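In this note's numbering, the protein residues as written are 8 to 368. Cβ atoms here follow ideal geometry from the backbone N, Cα and C, with glycine treated the same way. It should be emphasised that the depicted structure is a prediction, and the values quoted were computed from it without experimental measurement.
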Ligand code: KG4
Ligand code: ZN
């Protein structure tokens with residue numbers, strides 16, 4: 008029987024500065040001892056989106072204090088840690104460098120193993136922390152930076168079944184909000200405005216509907232909204248609501264169709280998924296949750312959506328992914344690189360020890 012694994016996780020790939028301490032018990036279950044997240048929304052609000060340079064500087068200013076709080080809240084010292092894990096990408100490179108370098112410094116000073124975690128892998132493994140979900144399952148990840156359907160087959164074994172060919176879904180929500188004069192982050196604003204809108208007033212396109220692959224496309228839909236908005240300018244509040252409702256309805260229909268295909272592809276290759284798991288900020292959208300429920304039911308599987316604080320970016324998911332890798336001996340070396348781009352399935356079927364070669368990418 009393995010001893011409990013205590014991991015500090017650090018997340019700095021976008022606009023959340025986060026650190027957490029998670030313990031993986033010998034029976035494979037996880038306990039979150041602390042999970043401290045400081046969102047930089049206020050810093051980026053005046054610019055209507057995340058400014059990479061501002062994010063990197065904010066991570067530098069905030070990270071030490073956040074790690075300190077996470078360690079204190081967990082009641083542990085650096086000497087107690089089994090490993091220190093940091094998100095090494097994909098993400099905004101300045102922020103990734105801040106988090107990974109901090110983790111390397113801690114690892115070096117305290118002679119603790121380093122785990123360089125793929126941020127997408129951390130989202131993918133979260134339901135194993137929250138509800139001990141067994142492999143294989145299907146992940147739908149929709150955030151400001153990513154829109155992917157992934158078969159999660161094992162730790163380090165991921166197959167990307169679908170992805171966006173242009174904008175990420177959260178990004179499309181944010182851009183639509185911006186063009187309609189709604190504040191950042193736009194997703195919740197669009198959802199709210201859509202509640203009092205008529206989804207049928209505009210005939211927006213349903214991107215990729217009926218295609219045999221499971222990819223997404225959102226930029227054409229976004230442009231269609233922009234064209235209608237410019238035609239109607241100046242916009243009345245009801246126009247904004249109707250545009251939001253029409254946009255959201257198109258996203259829902261397209262998502263349901265794409266996920267239907269994704270789950271079919273999953274079934275053909277890996278059998279029945281144990282669950283459809285949704286993660287990322289867009290999974291907070293109630294209309295989208297409803298659509299996912301229907302998709303899961305049709306595919307005869309269960310929908311699992313981790314609690315909001317673990318669906319959006321956080322340190323606990325990095326710590327947990329670190330713990331899962333740690334127990335399999337997947338430890339990284341000090342030359343593990345920060346990576347702006349890092350496909351999840353580059354890791355596919357990588358044996359333990361692969362960590363040393365990964366630095367060469
Ligand atoms: O996962 P997340 O917190 O951060 C990353 O992007 O990594 O996701 C944030 C994204 C933003 O684009 C935001 O507009 C979107 O998720 N979002 C939503 C909703 N809440 C957040 N999109 C649609 N409906 C929502 N209710
Ligand atoms: Zn994320």
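Bridge partner(s) assigned by DSSP for residue 223: What you label residue 223 is simply residue 216 of the chain shown in a count that begins at 1. DSSP lists 171 as partners of residue 223.
In the DSSP assignment, the beta strand (DSSP E) including residue 145 goes from what residue to what residue? In the chain shown, the residue the question calls residue 145 occupies position 138. Per DSSP, residue 145 belongs to the beta strand (DSSP E) from 144-149.
Presumed contact (8 angstroms Cβ cut-off) between residue 53 and residue 33, rounded CB distance: Taking the first residue of the chain shown as position 1, residue 53 is located at position 46. Taking the first residue of the chain shown as position 1, residue 33 is located at position 26. Rounded, the Cβ-Cβ distance is 49 angstroms, inconsistent with contact.
Residue 36 - containing alpha helix (DSSP H), residue span: If you number the chain shown from 1, residue 36 lands on position 29. No alpha helix (DSSP H) contains residue 36, which DSSP labels as neither H nor E.
Hey, how far is the Cα of residue 153 from the Cα of residue 128? Start at 1 with the first residue of the chain shown, and residue 153 comes out as number 146. Start at 1 with the first residue of the chain shown, and residue 128 comes out as number 121. If I take the Cα positions, the gap works out to 12 angstroms.
Figure out for me which residue from 193, 255 and 93 has the closest Cα to the Cα of residue 345. In the chain shown, counting from the first residue as 1, residue 345 sits at position 338. The residue with the shortest Cα to Cα distance from residue 345 is 93.
If you count every other CB in all the chains shown that lies within 10 Å of the CB of residue 115, and 16 or more means buried, which is it? Taking the first residue of the chain shown as position 1, residue 115 is located at position 108. Residue 115 comes out exposed.
Name the two residues that bound the continuous alpha helix (DSSP H) containing residue 12. The residue given as residue 12 occupies position 5 in the chain shown. Where residue 12 is concerned, there is no enclosing alpha helix (DSSP H), although the beta strand (DSSP E) it sits in stretches over 12-18.
Measure the alpha-carbon distance for residue 108 versus residue 201 and round it to whole angstroms. As a first step, residue 108 must be located in the chain shown, where it is residue number 101. As a first step, residue 201 must be located in the chain shown, where it is residue number 194. Rounded to whole angstroms, residue 108 to residue 201 spans 42 angstroms at the Cα level.
Opening and closing residue of the beta strand (DSSP E) in which residue 109 lies: Taking the chain shown and counting its residues from 1, one reaches residue 109 at position 102. Unbroken run through residue 109 is the alpha helix (DSSP H), 100-116; no beta strand (DSSP E).
How would you label residue 332, buried or exposed, when you count the other beta carbons within 10 angstroms and need 16 or more for buried? Within the chain shown, numbered from 1, the residue matching residue 332 stands at position 325. By the neighbour-count rule (16 or more Cβ atoms within 10 Å), residue 332 is buried.
Bridge partners for residue 284 per DSSP, in chain order? Sequence index remark: in the chain shown, residue 284 carries index 277 (1-based). In DSSP, residue 284 forms a bridge with 146 and 311.
Counting C-beta neighbours from all protein chains within 10 Å, is the total for residue 81 16 or more, i.e. buried, or is it exposed? Taking the first residue of the chain shown as 1, we reach residue 81 at position 74. Residue 81 should be labelled buried.
Relative to the C-alpha of residue 218, which residue among 91, 150, 157 and 263 is closest? Counted from its first residue, the chain shown places residue 218 at position 211. It is 263 whose Cα lies nearest to the Cα of residue 218.
Given this structure, state the Cα-to-Cα distance separating residue 361 from residue 298, to the nearest angstrom. Along the chain shown, read from residue 1 onward, the residue named residue 361 stands at position 354. Along the chain shown, read from residue 1 onward, the residue named residue 298 stands at position 291. Residue placement at residue 361 is flagged as unreliable, the pLDDT there being 34, under the threshold of 50; a coordinate-derived value is accordingly withheld.
Quick check on the burial criterion: 16 or more other C-beta atoms within 10 angstroms. Buried or exposed for residue 230? For the purposes of this step, residue 230 is taken as residue 223 along the chain shown, with counting starting at 1. Label assigned to residue 230: exposed.
Please tell me whether residue 101 and residue 63 are closer than 7 angstroms, where the distance is taken between their beta carbons. Numbered from its first residue, the chain shown carries residue 101 at position 94. Numbered from its first residue, the chain shown carries residue 63 at position 56. A contact, by the Cβ cut-off of 7 angstroms.
Here's a check: name, in chain order, each residue in its chain whose Cβ is nearer than 7 angstroms to the Cβ of residue 312, leaving out the five neighbours to either side. The sequence position of residue 312 within the chain shown is 305, counting from 1. Contacts found: 285, 290, 296 and 318.
Between residue 223 and residue 171, how many whole angstroms is the CB-CB distance? I'm expecting something under 8 angstroms. Position 216 of the chain shown, counted from the first residue, corresponds to residue 223. Position 164 of the chain shown, counted from the first residue, corresponds to residue 171. Right, the Cβ-Cβ distance comes to about 4 angstroms (below 8 angstroms), so this counts as a contact.
Reduced DSSP category for residue 122 - H, G, I as helix; E, B as strand; rest coil: Taking the chain shown and counting its residues from 1, one reaches residue 122 at position 115. The answer is strand: DSSP assigns residue 122 an E or B state.
Can you pull the DSSP bridge partners for residue 42? Here residue 42 refers to the residue found at position 35 when the chain shown is read from its first residue. Residue 42 pairs with 27.
Which partner residues does residue 164 have in the DSSP bridge list? On the chain shown, residue 164 is found 157 positions in, with the first residue counted as 1. DSSP, once it has assigned bridges, lists 161 as partnering residue 164.
Evaluate residue 265 with the Cβ neighbour count: other Cβ atoms within 10 Å of its Cβ, from every protein chain shown; 16 or more gives buried, anything less gives exposed. In the chain shown, counting from the first residue as 1, residue 265 sits at position 258. So residue 265 ends up on the buried side.
Looking only at DSSP bridge pairs, what is residue 92 linked to? Residue numbering aside, residue 92 sits at position 85 when the chain shown is read from its first letter. DSSP output for residue 92 lists 16 and 122 as bridge partner(s).
Along the chain, where does the alpha helix (DSSP H) that runs through residue 49 open and close? Your numbering for residue 49 matches position 42 in the chain shown. Here the alpha helix (DSSP H) through residue 49 covers 48-51.
Host alpha helix (DSSP H) of residue 268 (start-end): Position 261 of the chain shown, counted from the start, is the residue given in the question as residue 268. Per DSSP, residue 268 belongs to the alpha helix (DSSP H) from 244-277.
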